[in-house]
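Q: Sharing a structure here in structure tokens format.
Residue numbers (my numbering): 192 to 356.
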């Protein structure tokens, strides 16, 4: 996997999840903008997986402290965890910010719920390139579960609508 080595004083080594362009010691493996990359320290130790964009001041945004790809299971898990977190805090399930970017481990992804409607915003290239996967994960976490329950209970209407442009 391609990646970057950060400088010794990079903020990411002290808990921050971003790597700024001035904190890059070297780039290896020729990553393309939007790729998932490995983050390493100067001693070649893995410090996480991140999304990469060479054209941004924030060249890497860490989404995991281990080796991780952005696949459908990852998105399902993070979206479900974010929603469950808000459930535990008694946030109205029909009117809420379901995912709020880095705070939920999904850099550049914002998902809002208004009743049966979901609004997805992608604010990073890597996440924008994976919009279809994110939409599928939203459907899996919220809509398909509702459709299954509706079928069991013989309810009319089924799952909430998920659509847009």
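Using N, Cα and C, we set each Cβ at its ideal position, and we do this for glycine too. The structure presented is a predicted model; accordingly, all values stated were derived computationally and were not measured.
1) In whole angstroms, what separates the C-alpha of residue 287 from that of residue 312?
2) Please identify the residue among 247, 304, 297 whose C-alpha is closest to the C-alpha of residue 325.
3) So what does DSSP say about residue 207, is it helix, strand or coil?
4) Taking residue 241 as part of the beta strand (DSSP E), name the residues at either end of that continuous run.
5) Could you check the C-alpha separation between residue 249 and residue 257 for me, to the nearest Å?
6) Going straight from the alpha carbon of residue 265 to that of residue 318, what length do you get?
7) Taking the alpha carbon of residue 309 as the reference point, which residue from 227, 334, 278 has its own alpha carbon closest?
8) Write down the C-beta distance between residue 242 and residue 194 rounded to the nearest angstrom, noting that I regard them as a contact closer than 8 Å.
9) If you follow the alpha helix (DSSP H) that residue 266 is in, where does it begin and where does it stop?
10) Going by DSSP, name the residue or residues bridged to residue 202.
11) Assign residue 356 to one of three DSSP states: helix, strand, or coil.
A: Let me spell this out:
1) As a working note, residue 287 is residue 96 in the chain shown. As a working note, residue 312 is residue 121 in the chain shown. Answer to the nearest angstrom: the Cα atoms are 14 Å apart.
2) Walking along the chain shown from the start, residue 325 turns up at place 134. The residue with the shortest Cα to Cα distance from residue 325 is 297.
3) On the chain shown, residue 207 is found 16 positions in, with the first residue counted as 1. Note: residue 207 maps to coil in three-state DSSP.
4) Sequence index remark: in the chain shown, residue 241 carries index 50 (1-based). Unbroken beta strand (DSSP E) run through residue 241: 237-243.
5) Translated into positions along the chain shown, residue 249 becomes position 58. Translated into positions along the chain shown, residue 257 becomes position 66. Rounded to the nearest whole angstrom, the CA to CA distance from residue 249 to residue 257 is 20 Å.
6) The sequence position of residue 265 within the chain shown is 74, counting from 1. The sequence position of residue 318 within the chain shown is 127, counting from 1. Roughly 13 Å between the two C-alpha positions.
7) Locating residue 309 in the chain shown gives position 118, where the first residue counts as 1. Selected option, being the one with the closest Cα: 334.
8) Your numbering for residue 242 matches position 51 in the chain shown. Your numbering for residue 194 matches position 3 in the chain shown. Their Cβ separation, rounded to whole angstroms, is 12 Å, which puts residue 242 and residue 194 out of contact at 8 Å.
9) To locate residue 266, count along the chain shown from 1; it is residue 75. First-last of the alpha helix (DSSP H) with residue 266: 263-279.
10) Taking the first residue of the chain shown as 1, we reach residue 202 at position 11. Bridge partners of residue 202: none, in fact.
11) On the chain shown, position 165 is the one that residue 356 refers to. Low confidence applies here, because residue 356 scores a pLDDT of 49, under 50, leaving its location unreliable and the question unanswered by this model.
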